[in-house]
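J.: This note's numbering applies: residue 1101 is where the sequence shown begins, and numbers increase by one. Cβ atoms here follow ideal geometry from the backbone N, Cα and C, with glycine treated the same way. Dropping the structure in here first, questions after.
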Amino acid sequence: MPNFLWFLIIGIIAGWVAGRITKGKGFGLFGNLIVGVLGALVGGFLFDLVGLSAYGVLGSLITATVGAIVLLLLLGFVKK
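Now the structure itself:
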């Protein structure tokens, strides 16, 4: 259970950071937080796909933020 809680916390922070980076392409604070959690999964998949590994809290935050940014941008294109 603690790992899942850390995953949620990292994803929420990543969603907030991604929302700040992609100004105007987000879904509001709550939506960006949800996208951050989903983006953590996307980031993990993308990093595995290209053979990158991230360790520790900072690595997880970077991975989740990259995934959240990619997801926000993709959803922004679909939203239009």
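Under 6 Å Cβ to Cβ from G1143, same chain only, skipping five residues before and after it: list those, please.
T.: The answer, listed in chain order, is T1163, A1164, V1166, G1167.
J.: DSSP state of G1151, grouped into three classes?
T.: Coil at G1151, not helix or strand.
J.: What residue does the alpha helix (DSSP H) around F1177 start on, and which one ends it?
T.: F1177 -> alpha helix (DSSP H) spans 1156 to 1179.
J.: Around the C-beta of N1103, are 16 or more other C-beta atoms found within 10 angstroms, so that it is buried, or is it exposed?
T.: So N1103 ends up on the exposed side.
J.: Just curious, the alpha helix (DSSP H) that F1127 is in, first and last residue?
T.: Unbroken run through F1127: none, as it is neither H nor E.
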